[in-house]
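Asks:
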Amino acid sequence: MKRVALFCVMIFFLTSPSYSADDPMQRGMELYKKHHYEEAARMLHSYLSSVQPGKKSAMCLSLGMICFKNAELYRQLYQASLSVNLDYLKRLSAVKGKARSRFVKLYMGEAFLEAGNPRKAASCFREFIADKQISTKHKAIARVGLGLAHYREGKKQQALDLWSGIKMSAPEVLSELAAAYSTAGLTNRNPSVMCEKALASVKKAGQEPSIRILKNVIGVYARTGLIKKGLDLVRHADMKGFSYEEVLVKNKTIRFYDFALLNNLSMFYGKASLGYLKEAAADPKVKDAAHYYLGEAHALFGNIDQSIKVTDSFLSSSRMPRQYKDKATVRQAANRYQKGHKTEAINFLNNLSRQKAAPDLLAEVLFTCSRLHCECPETVAKAMALAESGEGKNLSSVNCALGTYYLWQKDYGKAVFYMEAGRDKSNKNRIEQNDPLTLTNLAEAYYRTKKFSEALEIYFEMSKHFPALRQIQVAMQGVYSMEQKSAGDVKVF
Amino acid sequence: MKRLAGVLFLIVLITLVVIVPPSEAAPKNNGKSDGGTLNYGEYGRPATLDPITSNDMISLRITELIFNGLVGINERQEIVPELAERWEISNDGRTYTFYLRSDVTWHPREDEELRPFTADDVVFTYNIMTHPKTITSLKVRYEFIGGVTKLDDYTVECKLKRPVLNALAKFSFKIIPQHGPSTPEYLTREDPFVHKPIGTGPYMLKNLTADREVVLVANENYFNGRPHVDKFVAKPFADQNIMTQALMFNAIDMVVLVNPRNIPELQGDKRFVLQPYNALSYSFFGYNMRNPLLADKRVRKAIGYAVNRQEMLDAFFNAQGTIISGPFAPGSWAYNLDVRPLPYDPQKARDLLQEAGFVQGTDGIMEQNGEKLSLTLKVPIEKENEAVKRVVLAFKSYLKKIGVDIKVEFKEWLSWKESVFLKHDYDIIFASWVFDDSADISSLFHSAEIGPWKNNFGAYSNPEVDSLIVESKLTLDHEKRRTINRKLHALIAEESPYTFLWTLTNYAAYNKKLRHVAIHPYKFFSFADHWFIPEEEQK
């Protein structure tokens, strides 16, 4: 990871006039190396309009890389959140009686919708709407969700009919509908204008936008490419906020969160990264480096044809270092795999692992196979032999990649073993010394093995820089409190 | 009649939720070598070696090797049989019937025949644990049990006063033998049994050496099969750095808790494994509210604002930990994420002292009605390692800046415990709590837990806290319990009976010759009977 950053820094120095230690670019890259992506993006973005023309493309490249890494991380956090929150909500919904939650159905509906299960989502929304004690505003929010469930089930007219009957006076409802239109691709309904109205209405009332409004607006901005507006919004927002607090009986309150927030942040930063990288690619001096990251970003967001195109362009350049070309070659194989040439791609990756046993390359192949959900026993055997050969930072990438591979295979014991071997033990949970993607994977493996406190400690540290992951922490605490079995012991030390 | 019988049969079936887990009585014929000695480094000598009177981690680790509970909790958070081979729980959650193993024997004392473990021992343990003369923190934890009755030699029935959350797991308390203690009704720290206990566990106490080492040997008759490693020796070290050096020079094979500053050194050494385990623990400065000066919340909060905890953590522990805000560890389900740790703000500290009526004396020390704000800080000598010394000195220096005089006293571990838990002769202590998964703080802050050898050593008393603690214990609703704990966290953080400091990174380090090592994050040695040393690597 640090080598990638150094690669970028090197490009800046080769291609741009001069950088002093307190230069924003330099500071931005320092933050990037520490994985403080949000801070780095905010800082560099604020300088972008005033940067000298000669430095702009390098700054765009830098911003593109940072936003891409942030998008990738939020994608991972979103998946972790969805899985933990579904576990938590299922347990909550099993509680019956006077102190049962009414709102659990709304949030289960939203979670099922996010998890790609519109049928179950619709059922939850219907149940919620049928509850006579639910407020009009929340019923309207549930109707928007129900409409989206219909839309995803192919019942488009039913969705449109449902949506057209919703009163949009409450800014949360207005933004919810805007997000639904945007998700459904109904741009003629002007979702971004609806968002502006929602924000203006909140501002007029002298309030801050709720996390639900933020989630919706960020999603709409991501789809419409309103990056500057989005960054301004994110900069001032409290991302750890809960969506709804349900007070049930004395001393029993439950907080619910908006799961789509993390996905929308991922989309938003992804879109931002594509914008910045495309701008950088227009400058011949940084074009090749920009194509390297553009290839990654397109692949992450499923635009495989574009990824193939720009990665080809990167590979044809004679100036780029070998190790990046190797990584780009792995990505091209992954792209071919996704285009249906599976056997060819796997053979290629196997050959690559056979020929070159460089730790970073083996790690790249393993990460790629995990992402594609394809088995690669030959590479695994080679990586394991390499990992066994010793410890040290140079093998960290291999260990982390093996751990990620086993996490995909649901062999959580091995996943923990290898990721622990790759973790910087002197700085166990620090994102400055450990890739937050690996920490998120490790937290997932610990969660699956019911070592909740290990996972919670990881998220506790990460949340200092990524407050939006509060939703994972709260849900995981909930599952932990229900699962823990102990004697209630405490000792002095 | 037949119909009635059928209905009765059905009722019986419905009433009893029968859990019959498989028994694991077979000897360990798993191809792993028996033999070898495991010398492990401890940071002190245990005060007592029994599971009832002990209240420190060193003792807990040893009692885990010597004793068993009716049930155990495995690595996957599942309840598994130990001394009970199966159990039944009534539908109302108030009656627990345990069917005991009949193949368990107590560790033999010298020239004694093997004695069987029976239901009498379970009844005896419960009675002795709840006896008014027995000084133990277990009493508060097990007040929910109304009574334990022997049904036959190998069956006991436990009646609960009310259903409680995770009740079955609470029956993991360790059972002691009826023929163990010298007094049949209660157990004190003077009873020879607490220094020379016998149990049913995988290891038996052999002796305590002149060097204060605790030597344990394999129990050949262990009901789960003889443990692999022949001998466990707990070696006390006064200094964690020296303990790490002992590991590096092969004088010991394992360190139960590595000093964070030594992690980089061990991380690069291929001879050792560094294994993380997340004990829910934190360090704190605790106040004695019997001192009227410290009974004033403003004084306690002033001390909290005066210390730069992040600076101490970064400088003395290589930043290998997390600053906390309240009475739970950040890895706990009960931690209130909304409560922020007190910031470093010496000016605010001075303001609070002034508000409390203190004025600066000619020597720079704050005074109130002529009484100087001069306090004694007691620290156990086993904690006299480099990092702790620096913390203590930094604390003294921070407080000097706001006009508080601190006198530091290092005391030997047992003497420190006596000063703090028995005599309450201190103003401030520096210590740490370690919790199991329950995050139960009732014994720390409930006013009923004020008294000799009780955990509320600072005599903290707040009716609102008491009421929340009781409500948390009574509820069967997980979310309610969470809400209450969040409130408790915020309330106790505001009240500052402690200045909450940090939770540190926990790593055990061991020589690679030791295999199949799984560590329980709290009890540590729960799975130690499966550890082994290959024959060729046994010394």
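So the protein sequences, as listed, match chains A and B. Counting in my numbering, the first sequence runs from 50 upward without gaps. Counting in my numbering, the second sequence runs from 175 upward without gaps. Ideal Cβ placement from N, Cα and C applies to all residues, glycine included.
1) Could you please tell me which residues of the segment 302-314 of chain A, in chain order, have their CB closer than 7 Å to any CB of chain D?
2) Would you mind working out which of Leu467/B, Asn492/B, Pro517/B, Asp525/B sits nearest Gly544/B, comparing C-alpha positions?
3) Which runs of the alpha helix (DSSP H) at least 4 residues long sit entirely within the segment 172-243 of chain A? Give them in chain order.
4) Taking the alpha carbon of Ser356/B as the reference point, which residue from Pro255/B, His369/B, Ser346/B, Ile603/B has its own alpha carbon closest?
5) Within its chain, find whatever has a CB closer than 6 Å to the CB of Gly290/A; leave out the 5 residues flanking it on each side and keep chain order.
6) Does the segment 501-509 of chain A come within contact of the segment 518-527 of chain A, defined as at least 3 CB pairs closer than 8 Å?
7) In the DSSP assignment, find the unbroken alpha helix (DSSP H) run with Lys118/A in it and report its ends.
8) Out of Gln712/B, Asn680/B, Phe699/B, Val430/B, state which residue places its alpha-carbon closest to the alpha-carbon of Ala453/B.
9) Between the segment 429-443 of chain B and the segment 663-675 of chain B, do at least 3 Cβ pairs fall closer than 8 Å?
10) Given Arg336/B, which residues of its chain have a CB within under 8 Å of its CB, disregarding the five upstream and five downstream residues?
11) Does Gln414/B get closer than 9 Å to chain A when you measure Cβ to Cβ?
12) Exposed or buried, what is Leu288/B when buried is set at 16 or more other beta-carbons lying within 10 Å of its beta-carbon?
13) Could you tell me the alpha carbon to alpha carbon distance between Glu709/B and Met288/A, rounded to whole angstroms?
14) Grab me the residues of Tyr529/A's own chain with a C-beta within less than 8 Å of its C-beta, minus the 5 sequence neighbours each way, in chain order.
15) Take the Cβ of Asp512/B as the centre, count every other Cβ of all protein chains shown within 10 Å, and call the residue buried at 16 or more, exposed below.
16) Kindly say whether Ala148/A, judged by its beta-carbon, lies nearer than 9 Å to any beta-carbon of chain B.
17) If we define contact as Cβ-Cβ less than 9 Å, is Thr374/B a contact residue for chain A?
18) Using the Cα positions of Glu558/B and Lys459/A, report the straight-line distance between them to the nearest angstrom.
19) Would you say Pro438/B reaches chain A, if we count a Cβ-Cβ gap shorter than 9 Å as a contact?
20) Between Met531/A and chain B, is there a C-beta pair that is closer than 9 Å?
21) Just mark Ala331/A as buried or exposed, buried being the case when its beta carbon has 16 or more other beta carbons within 10 Å.
22) Beta carbons nearer than 8 Å to chain B: which residues of the segment 491-519 of chain A have them?
23) Apart from the five residues on each side of it in sequence, which residues of its chain come closer than 8 Å, Cβ to Cβ, to Leu141/A?
24) Taking 9 Å as the threshold (beta carbon to beta carbon), is Gly531/B in contact with chain A?
25) So for Phe585/B, helix, strand or coil by DSSP?
26) Determine the DSSP secondary structure at His390/A, reduced to helix, strand or coil.
27) Taking a contact to mean a Cβ-Cβ separation below 9 Å, would you say Phe532/B touches Leu547/B in this structure?
28) Give me the subset of the segment 179-202 of chain A whose CB atoms are less than 7 Å from a CB atom of chain B, sorted by chain position.
29) What did DSSP end up calling Tyr461/A once you bin it into helix, strand or coil?
30) For the pair the segment 78-89 of chain A and the segment 108-120 of chain A, tell me if three or more CB-CB distances fall below 8 Å.
31) For chain A, check one thing: does any of its Cβ atoms lie closer than 9 Å to the Cβ of Ala200/B?
32) Is the Cβ of Phe397/B closer than 9 Å to any Cβ of chain A?
33) With a threshold of 9 Å between beta carbons, is Asp614/B in contact with chain A?
34) Please classify Ala384/B: is it buried, with 16 or more other beta-carbons within 10 angstroms of its beta-carbon, or exposed?
35) Does the segment 486-493 of chain B touch the segment 489-498 of chain A, meaning 3 or more C-beta pairs lie closer than 8 Å?
36) Taking CB distances under 9 Å as the criterion, tell me whether Arg479/A reaches chain B.
Replies: This is what the structure gives:
1) The displayed structure is made up of protein chains A and B, and chain D is not among them.
2) Leu467/B
3) Fully enclosed alpha helix (DSSP H) runs of 4 or longer: 185-201, 205-213, 220-233.
4) For Ser356/B, the closest alpha carbon among the candidates Pro255/B, His369/B, Ser346/B, Ile603/B is that of His369/B.
5) Ile260
6) yes
7) 102-142
8) Asn680/B
9) Contact between the segment 429-443 of chain B and the segment 663-675 of chain B is absent, because fewer than three Cβ pairs lie under 8 Å.
10) Arg268, Phe318, Leu648
11) no
12) exposed
13) 56 Å
14) Phe501, Ser502, Leu505
15) exposed
16) yes
17) Interface annotation, Thr374/B: not in contact with chain A, CB-CB separation never under 9 Å.
18) With a pLDDT of only 48 at Glu558/B, under 50, the local geometry of the prediction cannot be trusted, and no value is derived from it.
19) yes
20) yes
21) With fewer than 16 other Cβ atoms within 10 Å, it is exposed.
22) Thr498, Lys499, Lys500, Phe501, Ser502, Glu503, Leu505, Glu506, Phe509, Glu510, Ser512, Arg519
23) Ser150, Val153, Ile303, Gly527
24) Not an interface residue.
25) Checking the sequence, you will find Lys at residue 585/B rather than Phe. If DSSP states are grouped into helix, strand and coil, Lys585/B belongs with the strands.
26) coil
27) Contact flag set, yes.
28) Within the segment 179-202 of chain A, no residue has a Cβ that lies closer than 7 Å to any Cβ of chain B.
29) helix
30) Yes, since at least three Cβ pairs between the segment 78-89 of chain A and the segment 108-120 of chain A fall closer than 8 Å, the two stretches touch.
31) Unreliable positioning characterises Ala200/B in this predicted model, as indicated by a pLDDT of 48, which lies under 50. The coordinate reading is nonetheless provided below. No, because no Cβ of chain A sits closer than 9 Å to the Cβ of Ala200/B.
32) no
33) yes
34) exposed
35) no
36) Yes, because at least one Cβ of chain B sits closer than 9 Å to the Cβ of Arg479/A.
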